[in-house]
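Undergrad: My questions all concern the structure below.
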């Protein structure tokens, strides 16, 4: 799979989702945030990018996403918010497969 088609697929799903907000929320409207989470398992380090209303909800979604990706849900040693942005047009994260 080419990187371009993968990114287009992900962005297409994101822009067509019901959580996408075209303009920043105004007072009185609930904000949705885009989170970049770092998840430490026993044998690897994972990054998860997801949309949630608040920090607590973002952490609650971790197990759901691991259950979708693994037959047996691995034990999470540690999870941390690396970045948090309000969902607006163009909001996103650049992920690298290289180790720093």
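Residue numbers (the UniProt record's numbering): 1 to 100. Here a beta-carbon is modelled for each residue, glycine too, at the ideal position from N, C-alpha and C.
(1) For residue 75, which residues in the same chain have their Cβ closer than 6 Å to its Cβ, ignoring the five residues on either side in sequence?
(2) Who are the near neighbours of residue 79 in its chain, counting only those whose CB is closer than 8 Å to its CB and skipping five residues on each side?
(3) Provide the residue span of the alpha helix (DSSP H) that contains residue 69, from first to last.
(4) Please list the segments of the beta strand (DSSP E) lying wholly inside the segment 71-100, counting only runs of 3 or more residues, in order along the chain.
(5) Can you tell me where the beta strand (DSSP E) with residue 52 in it begins and where it stops?
TA: Walking through what the data contain:
(1) none
(2) 37, 38, 39, 40, 59, 62
(3) 55-69
(4) 76-86
(5) 45-52
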